[in-house]
Amino acid sequence: MSRQGGHLALAWMSLQLLLWHESVTIEVPQDPKILADLRQPPTITKQSVKDYIVDPRDNIIIECEAKGNPVPTFSWRRNGKFFNIGKDLRVTMQKRSGTLEIEFRNGGRPEDYEGEYQCFAGNDYGMAMSNKILLRVSKAPLWPKEVLEPVVVTEGSSLVLSCNPPPGLPPPVTFWISSLMMPIRQDKRVSMGLNGDLYFSNVMAQDAQNDYSCSARFLFTHTIQQKNPFTLKVLTSRKVAESMPTFLSPLGSESSKMVLRDEQLLLECIAAGLPTPAIKWFKKGGDLPGHKVKFEMYNKTMKIINVSEEDAGEYVCMANNHLGSIRHSIFVQVRAAPYWLDKPTNLVLAPEENGRLVCRANGNPKPTIQWLVNSIPIDSSLPDPSRQLMGDTIIFRSVQMGSSAVYQCNASNQHGYLLANAFVSVIDMRPRMLGLKNQLIKVIENNRTFLDCPFFGSPIPELRWFKNGQGSGLDGGQYRVYVNGTLEIKRAKAMDEGTYTCVASSILGMAENQVRLEVKEPSRIVLAPEHQSAVRGSTARFNCKVKFDPSLPVTVTWTKDDKPIHLGRRLRKDDETLTIANINEADEGTYVCTVKTEIDQDSASARLTVLEEASLNPSVSSALPPDRPDPPMDLELSDPAARSVRLTWIPGNDHRSPVTEFLVQFEEDRWEPGRWQDLATYPGDLTSVILQLAPFVNYQFRVIAINAVGQSVASVPSPKYQTSSAAPDVIPRGLRGWGSEKDNMEITWEPLLDLEKNGPNLHYSVWWRRKDSDGEWNNVTTTGTKHVVHNTETYVPYEIKIQARNDLGAGPESNLVIGYSGEDKPTSAPTDLHISKVDSTKGNIHWKPVNQDSVRGEFKEYRLYYWRKASHVPGLVFSKENKTKGFYTTMAQPSAILSDLVPFSHYQMFMVVANNHYEGPPSNSVEFSTKEGVPDAPSFFRIKRRGFDSIHLEWGKPTEPNGLLIGYRLKYQAANGSREGRPHLETFLPNVTEFTLRLPDRSTRYNFYLSALTTVGAGEVIIEESPFFTNEAYIDQVDIATQGWFIGLMCAIALIILILLIVCFIKRSRGGKYPVRDKKDLPLDSVDHKDPDGSFDYHSDEDNKPLQGSQTSLEGNVKESDDSLVDYGEGGDGQFNEDGSFIGQYTVKKDKDETEGNESSEATSPVNALYSLA
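Just so you know, the numbering used here puts 1672 at position 1022 of the sequence shown, and the rest follows in order with no gaps.
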């Protein structure tokens, strides 16, 4: 047993080595000259279908065509034996083809030629063969003559009228009609079964008739045959008894059904009973595949399309009415005819090269693989030392010229077979150049340029490029050589001009070709035409100044609305200008200037708007400002196609600003009804465009016009347009596989967008299998965006792919994505953790790594946990926060630098290995101390001034001394703008944190530099500049109350207040009965009131805060004067002061009662008193 295992291992290693050295297969170009000289084995290009049913009224044609060099010859086998065509006068073979034609003009029966046919095409290099074609003649047998007795049944009973059509080929389509050729009405109670019988769940009196006829339609002969009609008599009664459901089809409580993969499954349940039972369907242990299940015949038939393996299981149909229910179980088995996983393809090799043919197929049951060589089983063929058969793979090593052959792979099981031809062609051919000789290529400067050099040879030649016959080959930098021989110049410059030579060489010889490259300046419009508005009858000019390469012939053309301009007396063109004289309405439109050379072109456009003459309507002149355009009108749809439609509209008025573009929007009523979305924008000179659409969308469109001012209102929507459904053409994005638990893998993806669904019932087919294994794919179909694979091993790679499907078919498959199942906690810890070369802020850490298998997930990092355990500075308060640092390394002896440590501290650390979700056990714990370092900057530094001749400085101890403090160092020097004076240095003991400096000159400013000291040295310097001090004020501790200027100011303020009080008293004494107002209505409630004893109550102006010259009323509003004495006087009479002068201010208009009761209650305000003095 061990010896056999050793042989298998050796064979597997040999296979890997062979595949490692496998050569790339040669692709033969479809060049007529190459194909004419190239010798190749035959390839079948056309053949009839495997199950071939023919019409007996026509000649029989069995197709078989092939290609090869030399031209293949054809032969046939019939029922496994050589078919001698020459001996049968009715059979002929078409010229240069293997297609057979069997004629029956002169008699003969088509049935005599039924059987199994197989075509063989061969030449000197191999033999290819077709599928086995089973030829059968269509049959439409007559219905047997029979006498049908009348069917008598009581009302309410069930009934089955049998059809039993004759067995035609292909089977006929059955249906029931009456003698008037009208279909028998079917409903929930009466329906036809899958076998063609007519089922009555319960018979009613109106069912009685004498012409129930079953008919069979034969597709090939286009004939319909009828069975003798049934006569149905119904015995009625006064009361019809109700009955519980019973099954008419299928019978019993359970049955079974077998269906092939990708076919459709039809399950039927028809029940009898009164009232008519309702039918429901279930699947035991799961849900019905809603995206591909359909119910027909009033729920009596369930159809599942595109059956797959997950559709197997127990299906239950339930029939119920109000009397009860019954169930029937149908056990469905899904089998599969063989289908390709890896179909062999043609292999073209050079002598001494290696290659392989692979033939992998799947099915249920698993198909057997058989290899043939030139239609002979490989075991019976001549041995070939360069060929080795290993199951479903043939390995070729060091092939020779005589190794060419056609290999057939046959995969078969009891449900069918697959046959594939793949030739191995061993050729040797000298290198040849396939393109045109000595081409001249002209390109525009700074453009990406490709120089083609198609070539062929066997073995594949090596191709190199040279410039001007010099150098060692062009590749890299500015140049890139592709495998097909093309040379790419990333940005062509003038220096790249020259002759390029491509040389293809192999052991059989060499060939070369030359390409001449010329680099030209781009053609461009340097002064473009601009939009214009011109009055009718005037002249318009459009500029178009161009720049181009002088070595290229150039043409400058003008078009209007995409049509050529016909020059004449009114329209003149010179080198840089288009002039339009005597403008009329027909001249309005979009003008395009195009400069064109043989290799490039440039264009610019402008719109001419024609206005009415200003003299015709002076009020509406051409000077009116432009405005937004009116919306487009009369939207029409035409030229409908599967994914496009033409939209045409009429532009609205542009309001003196040409329309620059149209925005087409759409709204659909399936996913986001009512939301208008942008579809595309088009130039402003287009009014008919073809819209590119998505399938399965009910579109409605509208158009918005845009000019320089802005957008128009949207147009009236177009009629609706429904695109037809189609299979998806987008691959779901974001496919990934990852584990959320240690024994699962979640496969997730992004759902297709609504406009990408292309059809109803969108779902996704997902496949997965272990990577690096040739096991079968697991697959599931779901409508969601996630599938969880359970019971996986921990962190193993999987190959994943996905495909979107709908009712119309399947979309493209995605590329393979590698996903991983879930992670678990690592089982091992790093060992021998230690640290070396520790200084004040860093150290080198070392450890022994773990075995990668113990990580049990994706290795993320080695994670170091460390924390400051103590400080060597006595009494220092600090944080013991845990810190982490990750190191990614796969070295056998890993090390890393741990930095950002605090000096003069004691640390502790340990290490774990981490994957994406978990950490492993900790390593050994290590303690270490950092060396003393320089201190941080002092925690603060303040400068104060206590007099004209001194400055006081204060500072705080550093937050992190990083060692034992030995003092502070203060450097200061006078500052005069950008110049500094001689430095002075002071040192202090560690317990001193303040210093007073005597100033020799009170106006001098200083820069101060302070740092803390340890035995290692000075720490970070903190810099402060003394503030600017004047001679008139102190900054710190100066008593302002003792200053002379302050005392004088206070005295002046007191004197002014005293004078104001005296003036107010004098004014009141002169008689203040009548308030004076500054032409404003004021409330009667005065600022000051007179007490009953005749004294005055003075109120502060701060109580009401009126605006200057006005006062606020009690109601909070102010009434403006209209200067009417009648309105403001009492009874129309004016009011006068005691001295006879007229009152200059109006009083508030009062009600009569209020005026009489309070005539002289107001006193003059202090503000008005001051105005009266003025």
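Ideal Cβ positions, reconstructed from N, Cα and C, are used throughout, including at glycine. These numbers were taken from a predicted model, which means no experiment stands behind them.
Under the DSSP assignment, residue 1105 falls in the beta strand (DSSP E) whose first and last residues are 1105-1108.
Per DSSP, residue 1436 lies in no alpha helix (DSSP H) segment; the continuous beta strand (DSSP E) that holds it begins and ends at 1436-1440. Under the 8 Å Cβ criterion, the segment 906-923 counts as touching the segment 975-989, having at least three qualifying pairs. Distance from the CA of residue 1099 to the CA of residue 999, rounded to the nearest whole angstrom, comes to 33 Å. In this structure, residue 1365 sits near residue 1282, with a CB-CB distance shorter than 8 Å. In this structure, the beta-carbon distance from residue 1585 to residue 1669 falls below 8 Å. Residue 972 is classed as exposed because its beta carbon has fewer than 16 other beta carbons within 10 Å across all chains shown.
Fewer than three beta-carbon pairs drawn from the segment 705-717 and the segment 1085-1094 are found closer than 8 Å, and the two stretches are therefore not classed as touching. For residue 1605, no alpha helix (DSSP H) segment is defined; the enclosing uninterrupted segment is the beta strand (DSSP E) at 1600-1605. Between residue 1561 and residue 1622, the gap from beta carbon to beta carbon reaches 8 Å or more. Rounded to whole angstroms, residue 690 and residue 1049 show a C-alpha spacing of 15 Å. Within the same chain, and ignoring the five residues on either side of residue 1438 in sequence, the residues whose Cβ sits closer than 7 Å to its Cβ are 1394, 1396. Taking the Cα of residue 878 as reference, the smallest distance to any Cα among 811, 895, 992 is reached at 811. If one requires a minimum length of 3 residues, the beta strand (DSSP E) runs lying completely within the segment 1393-1439 are 1394-1398, 1413-1420, 1428-1432, in chain order. Secondary structure within the segment 1553-1587: the beta strand (DSSP E) runs of 3 or more consecutive residues, fully enclosed, are 1555-1564, 1576-1579 (chain order). Selection 1103, 1637, 746, 1082 evaluated against residue 1089 yields 1103 as nearest (Cα-Cα). For residue 1698, the enclosing alpha helix (DSSP H) stretches over residues 1694-1719. Per DSSP, the unbroken beta strand (DSSP E) holding residue 1039 starts and ends at 1037-1040. Taking a contact to require three or more Cβ pairs closer than 8 Å, the segment 1061-1076 and the segment 1008-1019 qualify as touching. Between residue 1355 and residue 1327, the alpha-carbon positions lie close to 15 Å from each other.
Nearest to residue 1309 by C-alpha distance, out of 1117, 1183, 1018, is 1183.
Cβ neighbours of residue 748 within its own chain (closer than 7 Å, five residues either side excluded): 714, 715, 716, 724, 769, 771. Look at the beta carbons and you see the segment 1605-1618 touching the segment 1539-1555: at least three pairs across the two are nearer than 8 Å.
The alpha-carbon separation between residue 1312 and residue 1373 amounts to approximately 23 Å.
The beta carbon of residue 1592 sits closer than 6 Å to those of 1604, all from its chain and outside the five residues before and after it, given in chain order. Relative to residue 1246, the option among 1172, 842, 902 whose CA is nearest is 1172. Unbroken alpha helix (DSSP H) stretches of 4 residues or longer found wholly inside the segment 670-716: 682-687, given in chain order. Secondary structure of residue 1286 (DSSP, three-state): strand. Going by C-alpha positions, residue 1381 is about 8 Å away from residue 1452. Put simply, the backbone Cα of residue 1251 is about 9 Å away from that of residue 1175. When only Cα atoms are considered, residue 775 and residue 734 end up about 24 Å apart. Buried is the label assigned to residue 1233, since at least 16 other Cβ atoms lie within 10 Å of its Cβ.
DSSP, read as helix, strand or coil, puts residue 992 in strand. Rounded to whole angstroms, the separation of the alpha carbons of residue 852 and residue 927 is 10 Å. Residue 959 carries a helical assignment under DSSP once its states are collapsed to helix, strand and coil. A Cβ-Cβ separation of about 4 Å places residue 1161 in contact with residue 1081 under the 8 Å criterion.
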